[in-house]
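Colleague: So for the sequence shown, the working numbering puts the first residue at 1146; every next one is plus one. All C-beta atoms, glycine included, are put in the ideal place defined by N, C-alpha and C. Provided herewith is a single structure, encoded as structure tokens, for subsequent inquiry.
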Amino acid sequence: MSDDDPQQRLELYRLYLATAERVSDRRAAANTWMLSVNAAVIGLYGYLGGDRAPVPPADRWLWFLAVPAVGILLCLAWAALLASYRKLNAAKFTVLHELEAHLPYPLFRREQEIYRAAGRRPLGWAETAIPLLFAALYAGLLGVRLIIELWGG
């Protein structure tokens, strides 16, 4: 690529922008999948507490401990996955900002300036809160079950 060919630079920018968009799409799909898996884990926990559960009542205590523990591990994996996607996208946008320096107008850099000036938080904080809330729910379920098993049952 010639440094003085604006068309080549623009095409490179477009191609690289598409890779950043694909990472964002994969991140959204991962969030949807993890949300679904966590909903299923919560559903399983509730099902095990019902009268129709295939697990004998004497053995349910183990499931009532194992299911939230697995849920917590899922949330840790989810949080790590989100952190990885965030770092990858940050690197991609750093490269895009570098490419923008050679284009007529730095679109993403300007968008970022306007967004920050408006006092907006990045969506990543809300995205990170969801696995933490699920993990807190699982920890609460686990704690309550431990109290019941150790002191109440």
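Among the residues of its own chain, which have a CB less than 7 Å from the CB of Arg-1231, if the five just before and after it don't count?
Modeller: Start at 1 with the first residue of the sequence shown, and residue 1231 comes out as number 86. Taking C-beta separations shorter than 7 Å and ignoring five residues to either side along the sequence, the partners of Arg-1231 in its chain run Gly-1269, following chain order.
Colleague: Could you give the C-beta distance for Leu-1226 and Ala-1163, rounded to a whole number, given that I count them as a contact under 8 Å?
Modeller: For the purposes of this step, residue 1226 is taken as residue 81 along the sequence shown, with counting starting at 1. For the purposes of this step, residue 1163 is taken as residue 18 along the sequence shown, with counting starting at 1. Not a contact, Cβ separation roughly 22 Å.
Colleague: Contact between the stretch 1277-1288 and the stretch 1201-1215: three or more CB pairs below 8 Å?
Modeller: In the pairwise beta carbon analysis, the stretch 1277-1288 is classified as touching the stretch 1201-1215: at least three pairs are separated by under 8 Å.
Colleague: The alpha helix (DSSP H) that contains Tyr-1260, what's its start and end?
Modeller: As a working mapping, residue 1260 is identified with position 115 in the sequence shown. Per DSSP, Tyr-1260 belongs to the alpha helix (DSSP H) from 1252-1262.
Colleague: Could you have a look at Asp-1204 and say whether DSSP puts it in helix, strand or coil?
Modeller: Working through the sequence shown from its first residue, we reach residue 1204 at position 59. Residue state, collapsed to three classes: helix.
Colleague: Does the pairing of the stretch 1151-1162 with the stretch 1237-1256 give three or more beta-carbon distances under 8 Å?
Modeller: yes
Colleague: Taking the straight line between their C-alpha atoms, what separation do you get for Leu-1160 and Val-1168?
Modeller: Stepping through the sequence shown from its first residue, residue 1160 is reached at position 15. Stepping through the sequence shown from its first residue, residue 1168 is reached at position 23. So the two alpha carbons sit approximately 13 Å from each other.
Colleague: Would you kindly work out how many angstroms separate the C-alpha atoms of Leu-1180 and Ala-1173, rounded to a whole number?
Modeller: The sequence position of residue 1180 within the sequence shown is 35, counting from 1. The sequence position of residue 1173 within the sequence shown is 28, counting from 1. Leu-1180 and Ala-1173 have their C-alpha atoms some 11 Å from each other.
Colleague: Going by CA-CA distance only, name the one from Ala-1224, Glu-1256, Ala-1222 and Trp-1223 that's closest to Phe-1238.
Modeller: By one-based count along the sequence shown, residue 1238 stands at place 93. Looking at Ala-1224, Glu-1256, Ala-1222 and Trp-1223, the one whose alpha-carbon comes closest to that of Phe-1238 is Glu-1256.
Colleague: Cα separation between Pro-1202 and Ala-1271?
Modeller: Reading the sequence shown from its first residue, position 57 is the one you call residue 1202. Reading the sequence shown from its first residue, position 126 is the one you call residue 1271. Computed Cα separation, rounded: 38 Å.
Colleague: Let's see if you can read the secondary structure: which residues bound the alpha helix (DSSP H) around Ala-1184?
Modeller: As a first step, residue 1184 is located in the sequence shown; it is residue number 39 there, counting from the start. Per DSSP, Ala-1184 is one residue of the alpha helix (DSSP H) stretching across 1151-1193.
Colleague: Alpha carbon to alpha carbon, what distance is there between Pro-1199 and Asp-1234?
Modeller: Taking the first residue of the sequence shown as 1, we reach residue 1234 at position 89. Taking the first residue of the sequence shown as 1, we reach residue 1199 at position 54. The identity of residue 1234 in the sequence shown is Asn, whereas the question assumes Asp. Distance between the alpha carbons of Asn-1234 and Pro-1199: 45 Å.
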